[in-house]
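Here is the structure we will look at, set down as structure tokens.
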Amino acid sequence: MRFCIMKPLHEMDFIAKCTRRFGLIAKDVEQRKSHIVARNSLRGDNEEREKAEREQKEKDKEENFIRERLDQEEKEKKDKLRKEEEEKKKRKEVEKKKKKIEEKVHKEEQEEQEEEVCEISASMPIAKIKFDRVSRKAQKEKEKVKTRLLKIKVKAQGVKALAEEKKEIKLKEQKELLNKVNKLALSVENSKEKEKTFEEYCEEFEKEISELSPLKDYA
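When we follow the UniProt record's numbering, the leftmost residue of the sequence shown carries the number 1, and every step to the right adds one.
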């Protein structure tokens, strides 16, 4: 025999309230789930955006590096061309100075030849003519040695060193030549007592002049 147990009214109300409450809880759970899904979706979008920004920054960084490298190479190329132009200009200046020196030496030789012709035409004493001829010959030899030294100095030290060396060599050669001439004059005066001939004087002078040019073998 079955008995139908009737629940009290207040229990029925309690059950209804619990049911409604559970329904609200379930609804709230669903809302929370949807909110979490939306938040995760937004977070994923943010991560994608941040990733894209990072990739763009890396790309910009690489482009800037490549651009700076190209600019550096272009600058180095321009500097190289500028240095080549400067070297070319310096070589032209050196050649110009060298040509000017050679022209000056040639002009001095021509002037000496003209002076020699004028002296001979003026009927100078034979001894004086021979003496001047030997002196000019020695001077020409010195000029040749000096020109060779100047050429070497042009290649090694440049225009400034060339001018200084030229001045020093000229002063040194003038001093040495003056000393030799003084010695020759003194030997001529001393030899008057020994009654030497003029040919012996010229031979002694030529010997001393030849000893004065030891650098011509190294030119």
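In this text, a Cβ means the ideal position worked out from N, Cα and C, and glycines have one as well.
No experiment lies behind these values; they were computed from the predicted model shown.
Can you tell me whether residue 138 is buried or exposed? The criterion is at least 16 other CB atoms within 10 Å of its CB, across all chains shown. Within the sequence shown, residue 138 is the residue found at index 138, counting from 1. Per the 10 Å Cβ criterion, buried.
8 Å CB neighbourhood of residue 51 in its chain, flanking five on each side removed: As a working mapping, residue 51 is identified with position 51 in the sequence shown. Cβ neighbours of residue 51 beyond the five flanking positions: none.
By alpha-carbon positions, which one of 85, 88, 148, 180 ends up nearest to residue 105? Start at 1 with the first residue of the sequence shown, and residue 105 comes out as number 105. Among 85, 88, 148, 180, the Cα nearest to that of residue 105 is on 148.
Compare the beta carbon distance of residue 134 and residue 206 with 7 Å and say whether it is the shorter of the two. Translated into positions along the sequence shown, residue 134 becomes position 134. Translated into positions along the sequence shown, residue 206 becomes position 206. Yes, Cβ-Cβ distance for residue 134 and residue 206 is below 7 Å.
Beta-carbon separation of residue 166 and residue 178 under 7 Å? The residue given as residue 166 occupies position 166 in the sequence shown. The residue given as residue 178 occupies position 178 in the sequence shown. Their beta carbons are not under 7 Å apart, which means residue 166 does not touch residue 178 by this criterion.
Could you tell me if residue 142 is buried or exposed, where buried requires 16 or more neighbouring beta carbons within 10 angstroms of its beta carbon? For the purposes of this step, residue 142 is taken as the residue at position 142 of the sequence shown. By the neighbour-count criterion, in which a residue is buried when 16 or more other Cβ atoms sit within 10 angstroms of its Cβ, residue 142 is buried.
State the CB to CB distance for the pair residue 114 and residue 136, rounded to an integer number of angstroms; the pair is presumed to be in contact (CB under 8 Å). In the sequence shown, the residue the question calls residue 114 occupies position 114. In the sequence shown, the residue the question calls residue 136 occupies position 136. Wrong, their Cβ atoms sit about 12 Å apart, outside the cutoff.
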